[in-house]
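Engineer:
Numbering (mature numbering (1 follows the signal peptide of the UniProt record, and there is no 0)), first residue to last: -25 to -1, 1 to 292.
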């Protein structure tokens, strides 16, 4: 894993500098009411099929949405494939993204374009935003309204990728997320997305036996998991990896956070109260998560002047 060594303030400025001018005024939930009236039904059905085929699809899509929005803004640049290999998804920080997430978006795009009224009229960025909501909702999470009207970006480069790492402390997390315009509480709510899915051993193995905030029995379990499969070992973030709930926060209270950047939310007293609140009240977590996801979906939105609607999500027109 590549470790960022930038000062916190510099990191925040760098992340903010990667964000294009905001165009949130164009976003609205009924953006496609006349352009593609069946859009949400089409995507809901397509994502449901993908999730039925693979339990990885839901967590993978949710992670894909964050990795897209946090870099160049919510413009589906994470989906671009450049012939020279210089694109976001081939950055080392994106190698943990699962192919099932990309395939789910490709399937949804194909389903949307199969409707003559919708064909080539819906951006890949909006499809990704809706698919992320479906990943949450169809896993038992909240069914929140999604603002639409994004255009797709034309650029994707390895060097543009600046993402938080699994060993970040609270100051580093706050510095990164404040660069995107998020408060500490909003960052913690977004972190709750880790209630879905798993992480590979290299992202947490360094903590086993060395991090006093990790529950000892949990450490023993993880050690056995990773030692038995050193190449492809992984562990789930919580005990309901395909269910969207507040179990993630409850496990943090017992020292069972998988990543260092997860457990620090409880071990640092400055953020502990928020973790406790979400652990005790799932409805409060859901409400704050919905608001944070809506805010995330506004980051770096492209307009018709700065973007396009890609005919193929993998390539600029």
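A virtual CB, placed ideally from N, CA and C, is assigned to each residue, including glycine.
#1: Following the continuous alpha helix (DSSP H) through residue 101, name the residue where it begins and the one where it ends.
#2: Find the nearest neighbour of residue 267 within the set 292, 133, 104, 282, judged by alpha-carbon distance.
#3: According to the neighbour-count rule (16 or more other Cβ atoms, all chains shown, within 10 Å of its Cβ), is residue 279 buried or exposed?
#4: By Cβ distance, which residues of its chain are closer than 6 Å to residue 189, with the 5 residues on each side in sequence left out?
#5: Which residues share a DSSP beta bridge with residue 3?
#6: Measure from the alpha carbon of residue 212 to the alpha carbon of each residue in 179, 16, 185, then state which is nearest.
#7: Where does residue 263 fall in DSSP's three states?
#8: Taking just the CA atoms, how far does residue 291 sit from residue 55?
#9: Under 8 Å, with one C-beta from each stretch per pair, do the segment 61 to 72 and the segment 17 to 32 reach the 3-pair mark?
#10: Going by beta-carbon coordinates alone, are residue 126 and residue 269 separated by less than 8 Å?
#11: What would DSSP say about residue -5, mapped onto helix, strand or coil?
#12: Roughly how far, in whole angstroms, is the beta-carbon of residue 61 from the beta-carbon of residue 16, given that I think they are within contact range, below 8 Å?
#13: Could you check whether residue 224 and residue 250 sit closer than 8 Å to each other, using their CB atoms as the reference points?
Structural biologist: Here's the rundown:
#1: 99 to 112
#2: 104
#3: exposed
#4: 182, 230
#5: 123
#6: 179
#7: helix
#8: 7 Å
#9: no
#10: no
#11: Residue placement at residue -5 is poorly supported in this model, since its pLDDT is 48, which falls under 50; the coordinates are not used for a value here.
#12: With a Cβ gap of about 37 Å, residue 61 and residue 16 do not count as contacting.
#13: yes
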